[in-house]
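Q: Below you'll find the structure I mean.
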Amino acid sequence: MPGPDTVRTTYVDFDPLGMNHARAHLTPGDAVRTLTADLLDTDRLFSAPEVADHLDPTSPIAVSVHATLHWIPDDDAVRHTLHGLVSPLPAGSTVSITHPTADHVPAIRRAQADAVADNDPTLHLRNAHRLHDLLDGLVLLPPGLAPAGSWNTGDAASTDTATWAGIGLKAA
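Taking our numbering, the leading residue of the sequence shown gets 405, the next gets one more, and so forth.
Structure below.
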């Protein structure tokens with residue numbers, strides 16, 4: 405397992421407020437870089453010096469895409485983005501995601517979530533079936549796509565969350 409002195413991180417965001425927050429809270433130094441970029445432009449992401457000159461393309465890389473995909477309205481754009489993130493990674497790399505859903509909430513909360521989604525065109529809830537389809541090509545690590553509140557806690561029955569979480573492995 406790599407130690408803190410060998411782990412390298414590149415934080416990517418296109419939101420100026422998010423970047424200011426990251427720069428204020430991430431430990432500066434050789435191990436951490438920040439990049440202002442659009443996640444949808446994966447070619448630019450991987451060619452930027454903050455990534456290309458910083459991360460080792462011969463060693464597995466972990467990519468975290470959290471609280472992000474629900475802002476992308478089109479499933480094809482999400483699929484293209486995930487493919488663009490995964491394809492340049494070496495085998496053994498992982499992609500972790502979180503994504504809001506109304507799959508496992510009581511009917512009244514589902515109606516509220518649908519009303520929010522209907523009135524906020526920027527919020528796109530996806531169900532487990534759609535997320536599995538978008539993660540095609542990755543091997544989901546146990547416990548698979550699971551409610552975020554129960555992910556890897558051993559309590560697979562816990563569904564007190566409106567968010568899916570999962571980690572996909574790029575196989576050889």
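Beta carbons: idealized from backbone N, C-alpha and C, even for Gly. Note that the structure is predicted; figures quoted are calculated from it, not measured.
Residue 470: which of 496, 548, 443 sits nearest, CA to CA?
A: Locating residue 470 in the sequence shown gives position 66, where the first residue counts as 1. Ranking the options by Cα distance to residue 470, first place goes to 443.
Q: List the endpoints of the continuous beta strand (DSSP E) containing residue 537.
A: Working through the sequence shown from its first residue, we reach residue 537 at position 133. Note, residue 537: premise wrong, no beta strand (DSSP E); alpha helix (DSSP H) at 532-538.
Q: I need the straight-line Cα distance from residue 526 to residue 478, nearest angstrom please.
A: Position 122 of the sequence shown, counted from the first residue, corresponds to residue 526. Position 74 of the sequence shown, counted from the first residue, corresponds to residue 478. Cα-Cα distance, rounded: 11 Å.
Q: Output the distance between the C-alpha atoms of residue 467 and residue 441, rounded to the nearest integer angstrom.
A: For this step, residue 467 is matched to residue 63 along the sequence shown. For this step, residue 441 is matched to residue 37 along the sequence shown. One C-alpha to the other measures close to 15 Å.
Q: Which ranges does the alpha helix (DSSP H) cover as unbroken runs of at least 4 residues, wholly within the region 452-476, from first to last along the chain?
A: Counting only runs of 4 or more, we get 453-456.
Q: Taking residue 501 as the reference, give the member of 575, 480, 459, 544 with the closest Cα.
A: Here residue 501 refers to the residue found at position 97 when the sequence shown is read from its first residue. The candidate whose alpha carbon is nearest that of residue 501 is 544.
Q: Going by CA-CA distance only, name the one from 411, 530, 421 that's closest to residue 436.
A: The residue you call residue 436 lines up with position 32 of the sequence shown. It is 411.
Q: What residue range is occupied by the uninterrupted beta strand (DSSP E) comprising residue 439?
A: The residue labelled residue 439 in the question sits at position 35 within the sequence shown. Its beta strand (DSSP E) spans residues 436-440.
Q: Are the CB atoms of residue 464 and residue 491 nearer to each other than 8 Å?
A: As a first step, residue 464 must be located in the sequence shown, where it is residue number 60. As a first step, residue 491 must be located in the sequence shown, where it is residue number 87. Result no, Cβ atoms of residue 464 and residue 491 do not sit closer than 8 Å.
Q: Is residue 483 closer than 8 Å to residue 505 when the C-beta atoms are compared?
A: The residue given as residue 505 occupies position 101 in the sequence shown. The residue given as residue 483 occupies position 79 in the sequence shown. No; because the gap between Cβ atoms is not below 8 Å, this pair is not in contact.
Q: State the Cα-Cα distance for the pair residue 503 and residue 423, rounded to the nearest angstrom.
A: Mapped onto the sequence shown, residue 503 falls at position 99. Mapped onto the sequence shown, residue 423 falls at position 19. In a straight line, the C-alpha of residue 503 is about 21 Å away from that of residue 423.
Q: The alpha helix (DSSP H) spanning residue 422 covers which residue range?
A: Your numbering for residue 422 matches position 18 in the sequence shown. Segment 420-429, the alpha helix (DSSP H) holding residue 422.
Q: When DSSP labels each residue in this structure, what does residue 433 get in the three-state scheme?
A: To locate residue 433, count along the sequence shown from 1; it is residue 29. Coil, per DSSP.
Q: Between residue 455 and residue 414, which are expected to be in contact by the criterion C-beta below 8 Å, what is the C-beta distance as a whole number of angstroms?
A: For the purposes of this step, residue 455 is identified with residue 51 of the sequence shown, where counting begins at 1. For the purposes of this step, residue 414 is identified with residue 10 of the sequence shown, where counting begins at 1. 5 Å between Cβ atoms; contact.
Q: Are there 16 or more other CB atoms within 10 angstroms of the CB of residue 572, so buried, or fewer, so exposed?
A: Sequence index remark: in the sequence shown, residue 572 carries index 168 (1-based). Result: buried.
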